[in-house]
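Trainee: Before I ask anything, here is the structure I am working with.
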Amino acid sequence: MGSLIDLWPLNYTDSVVATGALLLGVAAGVLGTFAVLRGRSLVGDALAHAALPGVCVAFLVTGAKDPATLVAGAACAGIVGAFAMVGIERSTRIKPDTAIGVVLSVFFSLGIVLLTAIAAGDNANQAGLERYLFGQAAGLVEADVNLMAFLAAGSLGLVVAGFRPLKTTLFDPAYAGATGLPVRALELAMTGFLVVAVVIGLRTVGAILMVAMLVTPAVAARQFVARLALLLPLAGAVGAFVGVTGALLSSRAEVPTGPVIVLVGFTVVGLSILLAPGRGVAWRAGLLRRERRRALVDGVLLDLEIASHGGPPPTQAELALGSGRPERALRRGVRVLHARGWVKDEGGRLVLTAPGADAAHDLVARRDEWSAWLEHGWRLRLPDAREPDPRDVRGSLGSEAADRLAAFRAEAAA
Amino acid sequence: MTADDLTVIVTAGLVATACGLLGPFLVLRRQALMGDAVSHAVLPGIVATYLLLDTRAPLPVILGAGCFAVVCVLGIDALRATKLVAADAAIGLVFPALFALGVLGIQRYAAGVHLDLDSTIYGEIAFAPFRTWIFGPVEVAQSIVVNGLVALANLAFVYFVWKELKASSFDPEFSRTVRISPALLGRLLLGMVAVTAVTAFESVGAILVVTLLIVPAATAHLLTDRLVTLVGLTVAIGWICAGAGYGGALAADASIAGTMGLVAGVLFGGALFAAPKHGVLARARRRRVAQRTVAAPAPG
Chain A
958 MGSLIDLWPL NYTDSVVATG ALLLGVAAGV LGTFAVLRGR SLVGDALAHA ALPGVCVAFL
1018 VTGAKDPATL VAGAACAGIV GAFAMVGIER STRIKPDTAI GVVLSVFFSL GIVLLTAIAA
1078 GDNANQAGLE RYLFGQAAGL VEADVNLMAF LAAGSLGLVV AGFRPLKTTL FDPAYAGATG
1138 LPVRALELAM TGFLVVAVVI GLRTVGAILM VAMLVTPAVA ARQFVARLAL LLPLAGAVGA
1198 FVGVTGALLS SRAEVPTGPV IVLVGFTVVG LSILLAPGRG VAWRAGLLRR ERRRALVDGV
1258 LLDLEIASHG GPPPTQAELA LGSGRPERAL RRGVRVLHAR GWVKDEGGRL VLTAPGADAA
1318 HDLVARRDEW SAWLEHGWRL RLPDAREPDP RDVRGSLGSE AADRLAAFRA EAAA
Chain B
9 MTADDLTVIV TAGLVATACG LLGPFLVLRR QALMGDAVSH AVLPGIVATY LLLDTRAPLP
69 VILGAGCFAV VCVLGIDALR ATKLVAADAA IGLVFPALFA LGVLGIQRYA AGVHLDLDST
129 IYGEIAFAPF RTWIFGPVEV AQSIVVNGLV ALANLAFVYF VWKELKASSF DPEFSRTVRI
189 SPALLGRLLL GMVAVTAVTA FESVGAILVV TLLIVPAATA HLLTDRLVTL VGLTVAIGWI
249 CAGAGYGGAL AADASIAGTM GLVAGVLFGG ALFAAPKHGV LARARRRRVA QRTVAAPAPG
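Protein sequences appear in the order of chains A and B.
The opening position of the first sequence corresponds to residue 958 in the numbering used here, with each subsequent residue numbered one higher.
The opening position of the second sequence corresponds to residue 9 in the numbering used here, with each subsequent residue numbered one higher.
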């Protein structure tokens, strides 16, 4: 592990913290993705809370704060919590969300009782157990990081080795079962991944906020990629970024690490939901605005073309009256046409220029092609079920098909 | 039992009553985790009120925290509405962020002064007897007055919209056809949960609020099929948790809130196995009887 710690351009303590946060981020990002995709994000919340009594019991039994023992305790408690949750859900009328809530609050209550009981005792070693509530990366030592690395490498290795069966079970459990995959075991493994991720992160992020570390990277990464093989590494990378940034910030500012990591992660998720290309909220809003504008400009151009046919070019007021468009929208459309040089102003009248007339004719031709497709498209007997682009039938179907459409149309008109 | 003991138990009992009136509906509507989220999300409101107005008087705190509860619910709804985030992931994104904000606020600006990180989790119910209001000749603990009022408000809420809550919890489709909007009632319910969470948070800490909202209701849900009984049982279980939890905490010298939660857990475990109709044992017995009937059909 020493080599990874030496890579950072930081002092030794910060390097250890950064390495720990990196491992945590990668592990939580990759392993949490499975839970998010299964729609069980909050199981991680329950497991994180459930791990707390495990830490306390491990401490009470051994009386020392050896990281491996505490981690083992947390893992055992997490597994018990997971089985309790599944058991409650399967064997009674209690719904999954209530089962999560029950396990979460009862295990955490037990943890609190044990914590206060330990604090009331006179074991001088006990200071620092409350770090497991909100996390404290600053106290990480190399032994902790080595353990985290071991766990992270093991679980990520399992993910890589079992990628295909895991993927099948994740997206289509019924099919996975039909092909003979051990679906129950694989689903259990995914829950086990959550336990491992929680155990890795408990010390750094804390029990209460660990769920964010599991959910954040997956949600952020999902905005950018849709393939599982890309999603997992990207979620790992996002997790690593969030973890390292948060851990370093918090150890500088001397505040608990968990909240800082969570807020950094929330910012990342917010930005990706807003800006993700093709999908993000801002992106879709921009697309909608451009589409609306294009429709408006096309419409105004056609109105103008039609109005110019029957007599002298119209004034803007006449055009507004004829097209029934709101004045403001019309003005905007005309302004764009002006800017493109498709329209010029002659004594208050709007006159189409030569390029403007060409554009209008092109538009009319395209609309004709689209209505020909709607009316006669079925007669083309295309080999595949393509639906052409309404704005460009010729481009999307090929000119041969477009010519035949034109022929059908002429035939119908005759 | 001294007067102070009684104060603590009554405070916890009133919190349990307030939570127990709402919890069954959260459980029935599968909104249990929204209750969890809202109870966490009020923390930054408490901190912000303290930082801005320098007060911990109940009314401003409730208003400030209520704002953040609304932010939490609306934030989760907005994330869901983008259709980019699954419903449960949205919960898992929003409430940790708000809670983290509160924790950092306490840590940076208010640590050790009047707010304490531990007390937001464990609560400081042991101090309930020390903060009192004097009404004429009687001296009453603030927590009893405040939580009592909230319990009354919840009782009024449940009483006046009983029919609507019932319809929309059990059959949202029917409820929509008779013009009772399940979404609106869900919002109202979460609003009441927020108010309850804020006041209870002050007296007993986050974890006990979540526990009392969910666990007694889940326990009662295993024991009965009637809504009235469900709500009544939930409140009764809450009071048992308060009394037994306090006794246990004194005996074991442990966190009062934690022990109350543990009692709730034990009761839930008992109901899980031994509930007359929906318990694990009863189910197993029914299955055995059914198997025997199939194995040896009635003659003829």
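A virtual CB, placed ideally from N, CA and C, is assigned to each residue, including glycine.
(1) Can you say whether Ile142 of chain B is buried or exposed, counting buried as having 16 or more other CB atoms within 10 angstroms of its CB?
(2) Can you find the residues in the same chain that come closer than 7 Å, C-beta to C-beta, to Gln1093 of chain A, ignoring five residues on each side of it along the sequence?
(3) Under three-state DSSP, which class holds Val987 of chain A?
(4) Under a Cβ-count criterion, where at least 16 other Cβ atoms within 10 Å of its own Cβ denotes burial, should Thr227 of chain B be classed as buried or exposed?
(5) Flag this pair as yes or no: are the beta carbons of Thr219 of chain B and Ala134 of chain B separated by less than 8 Å?
(6) Scan the region 34-63 of chain B and note each continuous alpha helix (DSSP H) run of 4 residues or more that stays entirely inside, going in chain order.
(7) Can you name the start and end residues of the beta strand (DSSP E) that Arg1306 of chain A belongs to?
(8) Provide the residue span of the alpha helix (DSSP H) that contains Val271 of chain B, from first to last.
(9) Which residue's Cα is closest to the Cα of Arg37 of chain B: B:Thr15, B:Glu172, B:Asp12, B:Gly110?
(10) Do three or more CB pairs link the region 1022-1041 of chain A to the region 1188-1200 of chain A at distances below 8 Å?
(11) Would you verify that the beta carbon of Val1321 of chain A is, or is not, closer than 8 Å to some beta carbon of chain B?
(12) Find the residues of chain B that neighbour Pro1216 of chain A, judging by a C-beta separation of less than 7 Å, and give them in chain order.
(13) Comparing the C-beta of Asp1129 of chain A with each C-beta of chain B, is any distance below 8 Å?
(14) Look up Ile248 of chain B in the DSSP assignment and say whether it is helix, strand or coil.
(15) Given that Gln1093 of chain A touches chain B, what residues does it touch there, using C-beta distances under 8 Å?
(16) In chain order, what residues of the same chain lie with their CB nearer than 6 Å to the CB of Leu1258 of chain A, ignoring the 5 residues before and after it?
(17) Could you pull out every unbroken alpha helix (DSSP H) segment of at least 4 residues lying fully inside the region 1274-1313 of chain A, listed in chain order?
(18) Step through the CB atoms of chain A and report whether any lies within less than 8 Å of the CB of Ile215 of chain B.
(19) Consider the Cβ of Val78 of chain B: report whether some Cβ of chain A lies at a distance smaller than 8 Å.
(20) At a Cβ threshold of 8 Å, is Ala984 of chain A touching chain B?
(21) I need the DSSP call for Trp141 of chain B, collapsed to helix, strand or coil.
(22) Whose C-alpha, out of A:Trp1240, A:Pro1122, A:Leu1171, A:Ala1204, is nearest the C-alpha of Ala1186 of chain A?
(23) Measuring CB to CB, does Ser151 of chain B end up less than 8 Å from Ser189 of chain B?
(24) Is there a Cβ of chain B sitting closer than 8 Å to that of Ile1057 of chain A, yes or no?
(25) Would you mind reading off the limits of the beta strand (DSSP E) that contains Val1098 of chain A?
(26) With a floor of 4 residues, list each alpha helix (DSSP H) that falls wholly inside the region 1189-1255 of chain A, ordered by position along the chain.
(27) Kindly indicate which residue of A:Pro1234, A:Ala1210, A:Phe1223, A:Leu1113 has the alpha-carbon position closest to the one of Phe1181 of chain A.
(28) How should Thr57 of chain B be labelled, buried or exposed, when 16 other C-beta atoms within 10 angstroms of its C-beta is the threshold for buried?
(29) When we look at the beta-carbon of Ser1328 of chain A and count the other beta-carbons within 10 Å, is it buried (16 or more) or exposed?
(30) Mark Val1335 of chain A as exposed unless 16 or more other C-beta atoms lie within 10 angstroms of its C-beta, in which case mark it buried.
(31) Between Arg88 of chain B and Ala95 of chain B, how many whole angstroms is the CB-CB distance? I'm expecting something under 8 Å.
(32) Note down, in chain order, every chain B residue with its Cβ under 8 Å from the Cβ of Ile1045 of chain A.
(33) Below 8 Å, can you find three or more Cβ-Cβ pairs linking the region 1277-1285 of chain A to the region 1300-1311 of chain A?
(34) Are the CB atoms of His1333 of chain A and Leu1294 of chain A nearer to each other than 8 Å?
(35) In its own chain, which residues sit with a C-beta less than 7 Å from the C-beta of Tyr1089 of chain A, not counting the 5 before and 5 after it?
(36) Would the beta-carbon of Trp1171 of chain A fall within 8 Å of that of Ala1003 of chain A?
Mentor: Per the coordinate set shown:
(1) Against the second sequence, residue 142 of chain B aligns to sequence position 134. Classification of Ile142 of chain B: exposed, given that the 10 Å Cβ count is below 16.
(2) Numbered from 1 along the first sequence, position 136 holds the residue referred to as residue 1093 of chain A. Answer for Gln1093 of chain A: Pro1213, Thr1214, listed in chain order.
(3) For the purposes of this step, residue 987 of chain A is taken as residue 30 along the first sequence, with counting starting at 1. It is helical.
(4) For the purposes of this step, residue 227 of chain B is identified with residue 219 of the second sequence, where counting begins at 1. Flag for Thr227 of chain B reads buried.
(5) Residue 219 of chain B sits at position 211 when you count from the first residue of the second sequence. Residue 134 of chain B sits at position 126 when you count from the first residue of the second sequence. Cβ distance not < 8 Å, so Thr219 of chain B and Ala134 of chain B don't count as in contact.
(6) 40-49, 51-61
(7) To locate residue 1306 of chain A, count along the first sequence from 1; it is residue 349. Where Arg1306 of chain A is concerned, the enclosing beta strand (DSSP E) stretches over 1306-1309.
(8) Start at 1 with the first residue of the second sequence, and residue 271 of chain B comes out as number 263. 264-282 is the extent of the alpha helix (DSSP H) around Val271 of chain B.
(9) The residue given as residue 37 of chain B occupies position 29 in the second sequence. Closest by alpha carbon: B:Glu172.
(10) no
(11) For the purposes of this step, residue 1321 of chain A is taken as the residue at position 364 of the first sequence. By this cut-off, Val1321 of chain A is not an interface position.
(12) In the first sequence, residue 1216 of chain A corresponds to position 259, counting from 1. In chain order: Ala108, Val111, Leu112.
(13) Within the first sequence, numbered from 1, the residue matching residue 1129 of chain A stands at position 172. Output row for Asp1129 of chain A: interface = no.
(14) Locating residue 248 of chain B in the second sequence gives position 240, counting from the first residue. Three-state result, Ile248 of chain B: helix.
(15) Taking the first residue of the first sequence as 1, we reach residue 1093 of chain A at position 136. Going along chain B, no residue has its Cβ under 8 Å from Gln1093 of chain A, so there is no contact; the nearest lies around 11 Å.
(16) Here residue 1258 of chain A refers to the residue found at position 301 when the first sequence is read from its first residue. Answer for Leu1258 of chain A: Ala1317, listed in chain order.
(17) 1284-1297
(18) By 1-based counting over the second sequence, the position of residue 215 of chain B is 207. Ile215 of chain B counts as touching chain A.
(19) Indexing the second sequence from 1 puts residue 78 of chain B at position 70. No, no contact with chain A.
(20) What you label residue 984 of chain A is simply residue 27 of the first sequence in a count that begins at 1. It does not; no Cβ of chain B falls within 8 Å.
(21) For this step, residue 141 of chain B is matched to residue 133 along the second sequence. Of the three classes helix, strand and coil, the one that applies to Trp141 of chain B here is strand, per DSSP.
(22) Taking the first residue of the first sequence as position 1, residue 1186 of chain A is located at position 229. That would be A:Pro1122, whose Cα lies nearest to the Cα of Ala1186 of chain A.
(23) Start at 1 with the first residue of the second sequence, and residue 151 of chain B comes out as number 143. Start at 1 with the first residue of the second sequence, and residue 189 of chain B comes out as number 181. Taking 8 Å as the Cβ cut-off, Ser151 of chain B and Ser189 of chain B do not qualify as a contacting pair.
(24) What you label residue 1057 of chain A is simply residue 100 of the first sequence in a count that begins at 1. It does; some Cβ of chain B falls within 8 Å.
(25) Within the first sequence, residue 1098 of chain A is the residue found at index 141, counting from 1. Segment: none, Val1098 of chain A is in no beta strand (DSSP E) and carries neither H nor E.
(26) 1214-1232
(27) By one-based count along the first sequence, residue 1181 of chain A stands at place 224. Selected option, being the one with the closest Cα: A:Pro1234.
(28) On the second sequence, position 49 is the one that residue 57 of chain B refers to. Buried is the call here.
(29) Residue 1328 of chain A sits at position 371 when you count from the first residue of the first sequence. When all chains shown are included, Ser1328 of chain A counts as exposed.
(30) As a first step, residue 1335 of chain A must be located in the first sequence, where it is residue number 378. The sequence given here has Trp at residue 1335 of chain A, not Val. With fewer than 16 Cβ atoms within 10 Å of its Cβ, Trp1335 of chain A is classed as exposed.
(31) Counting from one through the second sequence, the residue named residue 88 of chain B turns up at place 80. Counting from one through the second sequence, the residue named residue 95 of chain B turns up at place 87. With a Cβ gap of about 6 Å, Arg88 of chain B and Ala95 of chain B count as contacting.
(32) Taking the first sequence and counting its residues from 1, one reaches residue 1045 of chain A at position 88. Per Cβ cutoff of 8 Å: Leu280.
(33) no
(34) Numbered from 1 along the first sequence, position 376 holds the residue referred to as residue 1333 of chain A. Numbered from 1 along the first sequence, position 337 holds the residue referred to as residue 1294 of chain A. The answer is no: Cβ separation not under 8 Å.
(35) Taking the first residue of the first sequence as position 1, residue 1089 of chain A is located at position 132. For Tyr1089 of chain A, where only same-chain residues beyond five positions count, the Cβ hits under 7 Å are Leu1009, Val1012, Leu1159, Arg1160, Gly1163, Ala1164.
(36) What you label residue 1171 of chain A is simply residue 214 of the first sequence in a count that begins at 1. What you label residue 1003 of chain A is simply residue 46 of the first sequence in a count that begins at 1. Here residue 1171 of chain A is Leu; the residue named in the question, Trp, does not match the sequence. In this structure, Ala1003 of chain A does not lie closer than 8 Å to Leu1171 of chain A by Cβ.
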